[in-house]
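This report refers to the structure that appears directly beneath it.
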Amino acid sequence: MINTLSQKEQDIISSFQENMPVNIGDLSRKFGVNAYIADLGDNISGQIIKDTNSGGFKISVAKSDNRHEQRFTAAHELSHFLLHKKEIGDGIVDSPLYRSKLSNKIEVEANKLAADILMPYKKIDTVIEGGVRTLEELAKYFDVSVQAMKVRLGIPV
Numbered sequence: 631m632i633n634t635l636s637q638k639e640q641d642i643i644s645s646f647q648e649n650m651p652v653n654i655g656d657l658s659r660k661f662g663v664n665a666y667i668a669d670l671g672d673n674i675s676g677q678i679i680k681d682t683n684s685g686g687f688k689i690s691v692a693k694s695d696n697r698h699e700q701r702f703t704a705a706h707e708l709s710h711f712l713l714h715k716k717e718i719g720d721g722i723v724d725s726p727l728y729r730s731k732l733s734n735k736i737e738v739e740a741n742k743l744a745a746d747i748l749m750p751y752k753k754i755d756t757v758i759e760g761g762v763r764t765l766e767e768l769a770k771y772f773d774v775s776v777q778a779m780k781v782r783l784g785i786p787v
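The end of the sequence shown is residue 787 by my numbering, with every number in the run present.
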């Protein structure tokens, strides 16, 4: 999914992937999108909406979610910004299952790019070659949940 982005966007993401875990807040800011932790209410894990102060967009992730969920949600919302600017309109609100009013195809694309950003395959290979063997160690290295790492590696959850 990352290869569908412009070369400049790919280069920016790659520069943030040099050191793991990816600092998703700083990466978002590099694209002009501020990211916040907020009380979003029931059944909302994240959103990307127009920022009336800056004229751009801002990402909010649920304060009630754990750090791993917040990181993936922020990457998911940033992915909407990068892939689906035309479809965002005034904003997108996502449930914990990453289903917004957008099509399932668009949500799958955002999840795929979020995984590409947080858990690049080349880095996974390098870490495994370096001796990391367990899912727990891999998840810790990338600061993601074990479930997210299983999905990334194609292991049934």
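A virtual CB, placed ideally from N, CA and C, is assigned to each residue, including glycine. Every value quoted in this text rests on a predicted model; they were computed, and no experiment measured them.
Among the options, nearest to residue i - alpha-carbon criterion
i	options	result
residue 699	769, 785, 786, 784	769
residue 692	659, 640, 672, 780	672
residue 681	664, 764, 711, 669	664
residue 787	706, 765, 772, 715	765
residue 776	656, 696, 684, 632	696
residue 757	678, 651, 631	651
residue 630	644, 705, 688	There is simply no residue 630 to check, as the chain begins at 631 and stops at 787 in what is shown.
Cα-Cα separation, residue i to residue j
i	j	result
residue 701	residue 654	7 Å
residue 646	residue 658	10 Å
residue 782	residue 749	8 Å
residue 736	residue 742	10 Å
residue 649	residue 767	16 Å
residue 779	residue 717	28 Å
residue 686	residue 709	15 Å
residue 744	residue 784	15 Å
residue 771	residue 755	12 Å
residue 746	residue 670	26 Å
residue 634	residue 763	31 Å
residue 636	residue 760	31 Å
residue 711	residue 739	12 Å
residue 713	residue 751	20 Å
Distance between beta carbons of residue j and residue i, contact taken as under 8 Å
i	j	result
residue 642	residue 660	6 Å
residue 668	residue 694	Residue 668 to residue 694, Cβ: 10 Å. No contact.
residue 676	residue 639	Not really, about 20 Å apart at Cβ, beyond 8 Å.
Closer than 9 Å to chain B by CB, residue i
i	result
residue 709	Given the protein chain composition of this structure (a single chain), no chain B is represented.
Inset, instruction - Can you check the region 650-728 for any beta strand (DSSP E) of at least 3 residues that lies completely inside it and give the ranges in chain order? - result: Listed in chain order, they are 663-668, 676-680, 687-692, 721-724.
Inset, instruction - Could you tell me which uninterrupted beta strand (DSSP E) segments, each at least 3 residues in length, are contained entirely in the region 738-762, listed from first to last along the chain? - result: If one requires a minimum length of 3 residues, no beta strand (DSSP E) run lies completely within the region 738-762.
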